[in-house]
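Asks: Here it is, the structure in full.
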Amino acid sequence: MIEVVNLNKSFGEIDVLHDINITINKGEKVVVVGPSGSGKSTFLRCLNCMEDPTSGSIIFNGVDIADMKVDINIHRQKMGMVFQHFNLFNNKTVIDNIMLAPVYVEKKRMKKLRRNNPQNEKIKTTKEIKAEAKAQATELLKRIGLEEKANAYPSQLSGGQKQRVAIVRALAMNPDVILFDEPTSALDPEMVGEVLELMKELAESGMTMVVVTHEMGFAREVGTRVIFMDEGRIVEENNPKEFFENPQNPRLKEFLSKVL
Amino acid sequence: MGNFNLKVMRFIEVFIGANGYKTVLEGLQNTLKIAVFGLVIGIVIGTLIAVVRVIPKYKVLPRILNGICSFYVAFFRGTPMVVQLLLSYYVALPLMGINLPSVSVAIVVFGLNSGAYISEIMRSGIQSVDPGQMEGGRAIGLSFSTTMIKIVIPQAIKNILPTLGNEFITLIKETSVVSFVGALDLYVAFNRIGSNSYEFMVPYLVMALIYIVLVLVISGLVKLMERSLRKSDRGR
Ligand SMILES: Nc1ncnc2c1ncn2[C@@H]1O[C@H](COP(=O)(O)OP(=O)(O)OP(=O)(O)O)[C@@H](O)[C@H]1O
Ligand SMILES: [Mg+2]
């Protein structure tokens, strides 16, 4: 699904990622751990080109999206991303946050269809598009038990609620993969559970996930593969059992002794 | 004091008896027209310039646009409004062979001028919006411009609303320079009443009063708008 080939990233003089090679298959839950500043966020943000790779390729569904010529927006629609600080749209209600991108994308598709409609597909009106998106968004809110917050603004939600809304906002685009960058790090401890629970559900439903986290319990329980990054390199990767019980790299041993 | 009463009587005589109020109403209308339409044009231009200035500058086109915008802003902030008005009315338009009513010219010049100021206000407004808002939009597959228009700019405008209100008040006050190109505004209206009654004290006093009331009303409206916009921020 995602194939990273010789990925390098530097910010000016600072080399952050060195020759990263990894293949992430459909249905995998890849958990990325490592010390602060090791390049985990940068790696994740290169996967959907939020950071442009300095060199190398990111092959997503057969297309090298690191190529500046591809329309990155189309591919990002199939790659959800969940941030540490939620990044919900503050000027939109919860339901509008979820509906915004699906409505926008569908409207754009209809516009194209109006010009060229080889399959004679039914052309929806804006009203129909919105109704559809709203039904879907309501369904998603039900799933996380926040229907009654549909018309609330993000500032009226708790951190845990915000992050769960952010996750279903990504889901609303029916992505092939979701990238998580420390989704629970900005939460009060009592809210970490609800977010991890939702992520677990997602994992069970078969979603492909790449998760940067410090939650070792989650890595062990949900991960299908755990990756240890250090100084911009992937220095060890293994299934969770081996990774935690039988670490090889001395830096990983040191890291695990600190966090476990 | 008796003298002053006499002056008031003279003023009322011209203001009501000689239809002075009609001139004042027309002047008020022009003043508001120039300020309101000027502000609207200014917001549009200012927003466009501000966006150009915050676009990442890897490519050539944004750099060129940025250069043009810098020049534009420097020109309109670096010369007095009167000069811009005179240049447009007596130089630029005649050279182009265009003949426009002075109020229309004033609206355009006020729009161009406030666009330069508003671009700076808007830029700081955009920069005050959490970069995470742009990231959230881009990550879900929205383009830079869509995210700007739907997410960032509405929040930026909310942040700068008080400053925009001040800009509007500045525009209202500055409309008094349009008499230089022969447009009838509040100042010209009261000046006429003064000339007709051979008495300027009361007309100018009333004029000042109208300006103050205008400014107070607008400040009040801005406060109201701010409060209703802040609803989306409750609990923060
Ligand atoms: N935009 C940037 N400009 C310059 N340097 C950057 C930028 N983003 C990240 N870096 C640098 O790249 C290195 C890796 O950062 P990154 O955020 O990927 O680490 P991380 O593993 O996610 O750390 P943390 O656990 O603290 O989130 C750091 O040294 C950081 O200072
Ligand atoms: Mg990070």
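Protein chains in written order, with our numbering: chain R, 268 to 527; chain B, 73 to 308. Where is the CB? At the ideal position from N, CA and C, for every residue including glycine.
Answer with yes or no whether the minimum CB distance from R:H352 to chain B is below 8 Å.
Replies: Yes, R:H352 lies at the interface with chain B (some Cβ there is under 8 Å from its Cβ).
Asks: Using a Cβ-Cβ cut-off of 7 Å (strictly less than) and excluding sequence neighbours within five positions of B:A90, which residues of its own chain qualify?
Replies: Answer for B:A90: N268, listed in chain order.
Asks: Using a Cβ-Cβ distance cut-off of 8 Å, determine whether B:L212 contacts chain R.
Replies: The residue asked about is misnamed: residue 212 of chain B is Ile in this sequence, not Leu. Closer than 8 Å: yes.
Asks: Assign R:A404 to one of two classes, buried (16 or more other C-beta atoms within 10 Å of its C-beta) or exposed (fewer than that).
Replies: R:A404 is buried by the Cβ-count criterion.
Asks: Given 8 Å as the limit, is there contact between the stretch 200–217 of chain B and the stretch 367–374 of chain R, that is, 3 or more CB pairs closer than that?
Replies: Segments in contact, yes.
Asks: With DSSP collapsed to three states, give me the class of R:L274.
Replies: The answer is strand: DSSP assigns R:L274 an E or B state.
Asks: Under 7 Å Cβ to Cβ from R:A437, same chain only, skipping five residues before and after it: list those, please.
Replies: These residues qualify, in order along the chain: G347, M348, V349 and I445.
Asks: Look up B:G266 in the DSSP assignment and say whether it is helix, strand or coil.
Replies: The answer is helix: DSSP assigns B:G266 an H, G or I state.
Asks: When the Cβ atoms of the stretch 228–242 of chain B are set against those of the stretch 169–184 of chain B, are three or more pairs found closer than 8 Å?
Replies: Not touching, per the Cβ criterion.
Asks: Name, please, each residue of chain R whose Cβ falls closer than 8 Å to the Cβ of B:P226.
Replies: In chain order: N358.
Asks: Look at the Cβ atom of R:F495, then the Cβ atom of R:E503, and state whether they are nearer than 8 Å.
Replies: Yes, these two residues count as a Cβ contact at 8 Å.
Asks: Would you grab the beta carbon distance between R:Q428 and R:K416 for me? Rounded to a whole angstrom, and I think it's under 8 Å.
Replies: Correct: roughly 7 Å between the Cβ atoms.
Asks: Is the beta carbon of R:F353 sitting closer than 8 Å to the one on R:Q423?
Replies: Not in contact: R:F353 and R:Q423 (Cβ atoms no closer than 8 Å).
Asks: Could you tell me whether the Cβ atoms of R:V478 and R:K307 are closer together than 8 Å?
Replies: In this structure, R:K307 does not lie closer than 8 Å to R:V478 by Cβ.
Asks: With 8 Å set as the bound, which would you pick, yes or no: does the beta-carbon of R:I332 sit closer than that to a beta-carbon of chain B?
Replies: Output row for R:I332: interface = no.
Asks: Exposed or buried, R:I325, counting other C-beta atoms within 10 Å across all chains shown (16 or more means buried)?
Replies: Per the 10 Å Cβ criterion, buried.
Asks: Run through DSSP, which three-state label would R:M348 get?
Replies: The answer is strand: DSSP assigns R:M348 an E or B state.
Asks: Given a limit of 9 Å on CB to CB distance, which residues of the stretch 450–468 of chain R reach chain B?
Replies: So nothing in the stretch comes that close.
Asks: With distances taken from each beta carbon to the nearest heavy atom of ligand 1, which residues come in below 6 Å, in chain order?
Replies: In chain order, the qualifying residues are R:F278, R:I281, R:V283, R:G301, R:S303, R:G304, R:S305, R:G306, R:K307, R:S308 and R:T309.
Asks: Report the residue from B:M279, B:E298 and B:M220 whose alpha carbon sits nearest the alpha carbon of B:I121.
Replies: Nearest of B:M279, B:E298 and B:M220 to B:I121, Cα basis: B:M220.
Asks: Looking at the C-beta of B:Q205, does it have a partner C-beta in chain R at a distance below 8 Å?
Replies: It does; some Cβ of chain R falls within 8 Å.
Asks: Classify B:Y387: buried if its beta carbon has 16 or more other beta carbons within 10 angstroms, exposed otherwise.
Replies: There is simply no residue 387 of chain B to check, as chain B begins at 73 and stops at 308 in what is shown.
Asks: Taking only heavy atoms of ligand 2 into account, decide whether any of them is closer than 7 Å to the Cβ of R:D448.
Replies: Checking every heavy atom of ligand 2 against the Cβ of R:D448, one is found closer than 7 Å.
Asks: Along the chain, where does the beta strand (DSSP E) that runs through R:V300 open and close?
Replies: Element bounds for R:V300: K296 to V300.
Asks: Mark B:A107 as exposed unless 16 or more other C-beta atoms lie within 10 angstroms of its C-beta, in which case mark it buried.
Replies: Buried, by the Cβ-count rule.
Asks: Classify B:V289 as buried or exposed, calling it buried when 16 or more other Cβ atoms lie within 10 Å of its own Cβ.
Replies: Exposed, because fewer than 16 other Cβ atoms sit within 10 Å of the Cβ of B:V289.
Asks: Enumerate, from N- to C-terminal direction, the unbroken alpha helix (DSSP H) stretches of 4 or more residues contained entirely within the stretch 479–505 of chain R.
Replies: List check, alpha helix (DSSP H) in window: 483–489.
Asks: To the nearest angstrom, how far is it from the Cα of B:R308 to the Cα of B:R302?
Replies: At B:R308, the pLDDT of 42 sits below 50, so the modelled position is not reliable; the number obtained from the coordinates is stated separately. Their Cα atoms are separated by approximately 10 Å.
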